[in-house]
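Residue 52 is where the sequence shown starts when you use the numbering used here, and the numbers rise one by one after that.
Backbone N, C-alpha and C define an ideal beta-carbon position, used for all residues, glycine too.
Please read these numbers as outputs of a predicted model, since none were measured by experiment.
Below you'll find the structure, written out as structure tokens, and then a few comments.
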Amino acid sequence: MNTDSTDCRATGSEIAFWVTLGALSPVIAWQGKQVRRQTLRLPEAAGKREQLNDDDHFRVLIVGDSAAAGVGVEEQSDALLGQLVSRLSKNHPVGFRLSANTGDSSADLLRKLQADKTDTRTFDLVIISIGVNDVTGFTSLARWGRLLRTIRAEIQQRFQPATILFTQVPPMHHFPALPQPLRWLLGWRARQLNTILNKTLRPEQVLNVSIPFDDIYMATDGFHPGKPGYSLWAEEVMRSLNAPDQQKHPGSPQ
Numbered sequence: 052m053n054t055d056s057t058d059c060r061a062t063g064s065e066i067a068f069w070v071t072l073g074a075l076s077p078v079i080a081w082q083g084k085q086v087r088r089q090t091l092r093l094p095e096a097a098g099k100r101e102q103l104n105d106d107d108h109f110r111v112l113i114v115g116d117s118a119a120a121g122v123g124v125e126e127q128s129d130a131l132l133g134q135l136v137s138r139l140s141k142n143h144p145v146g147f148r149l150s151a152n153t154g155d156s157s158a159d160l161l162r163k164l165q166a167d168k169t170d171t172r173t174f175d176l177v178i179i180s181i182g183v184n185d186v187t188g189f190t191s192l193a194r195w196g197r198l199l200r201t202i203r204a205e206i207q208q209r210f211q212p213a214t215i216l217f218t219q220v221p222p223m224h225h226f227p228a229l230p231q232p233l234r235w236l237l238g239w240r241a242r243q244l245n246t247i248l249n250k251t252l253r254p255e256q257v258l259n260v261s262i263p264f265d266d267i268y269m270a271t272d273g274f275h276p277g278k279p280g281y282s283l284w285a286e287e288v289m290r291s292l293n294a295p296d297q298q299k300h301p302g303s304p305q
């Protein structure tokens, strides 16, 4: 499961993807430019990204890409960070940190994790949202698997969390802002990345969030969750924390 043989088993599907991409490359390149030009660019959610105190009963770290940064809502209180902390802190003080940026890939995340190790504070829960930019940037499956393993090891060594949750890459074949066949191709790639993610990580480290692709759950850009979508994400984290294979903590709902 956690060996390089995972990458070898993905070789056949990897070749099929690259062959298809090559055949569709003129259309895909044109559609990609159209999407970048026409899609509404929303800012990251405003608000506090860090609050850590010595008496924190529980600490949460969220890292990754634009979804982790709260793109799609105006305030962090409506994003994953705020909605999760609100649920966790009903009975006990919860510390938090958000380290996420629009456009970050798994390689970007790893570089940032390795850049500054002067802060030795630990976290009980680390949530990782990464992969969409690896889909659009065509990160190879072998490299994706290696990056996942290295990111997990870096997080475990540095932050010593009881729980690590990697959010699965969203089903991009449902993204309303993407035209066909670009939507189909990126959805295929997202599924391939999720296959590697599920083979590389332990089941309890993988978070599968099913956000309906209806207007009520999606932001106006057609890419990111809106407030109800982030609420579903936070609820899925809470369910995962209460699962039998996760270490419970006093901040979890009972």
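Simplified DSSP assignment, three categories, for residue i
i: residue 183; result: helix
i: residue 258; result: strand
i: residue 126; result: strand
i: residue 279; result: helix
i: residue 63; result: helix
Counted within 10 angstroms of its Cβ, other Cβ atoms place residue i as buried (16 or more) or exposed
i: residue 188; result: exposed
i: residue 94; result: exposed
i: residue 87; result: exposed
i: residue 5; result: Nothing can be reported for residue 5: it is not among the residues displayed for the chain, which extend from 52 to 305.
i: residue 124; result: buried
i: residue 110; result: buried
i: residue 90; result: exposed
i: residue 221; result: buried
i: residue 81; result: exposed
i: residue 207; result: exposed
i: residue 103; result: exposed
i: residue 63; result: exposed
i: residue 306; result: Because residue 306 is not part of the residues shown, which for the chain are 52 to 305, the question remains open.
i: residue 167; result: exposed
i: residue 203; result: buried
In DSSP terms, what residue i is bridged to
i: residue 289; result: Its beta-bridge partners do not exist; DSSP assigns none.
i: residue 145; result: 109
Neighbourhood of residue i by C-beta, 8 angstroms cutoff - its chain only, sequence neighbours within 5 removed
i: residue 205; result: 161, 164 and 165
i: residue 275; result: 93, 117, 118, 122, 123 and 269
i: residue 106; result: 144
i: residue 186; result: 220, 223, 237, 240, 241 and 244
i: residue 128; result: 98, 134 and 137
i: residue 85; result: 230
i: residue 328; result: In the structure displayed, the chain extends from 52 to 305; residue 328 sits before or after that span and is not available.
Residues near residue i by beta carbon distance below 6 angstroms, same chain, minus five either side
i: residue 173; result: 210 and 211
i: residue 170; result: none
i: residue 113; result: 119, 132, 149 and 178
i: residue 284; result: 131 and 260
i: residue 266; result: none
Residues of its chain near residue i, where Cβ-Cβ distance is below 7 angstroms and the 5 sequence neighbours each way are ignored
i: residue 278; result: 124 and 129
Could you pull out every unbroken beta strand (DSSP E) segment of at least 3 residues lying fully inside the segment 65-121, listed in chain order? Scanning the segment 65-121 for uninterrupted beta strand (DSSP E) segments of 3 residues or longer gives 109-115, listed from N- to C-terminal end.
Enumerate, from N- to C-terminal direction, the unbroken alpha helix (DSSP H) stretches of 4 or more residues contained entirely within the segment 147-227. Here the runs fully enclosed are 157-166, 183-187 and 192-210.
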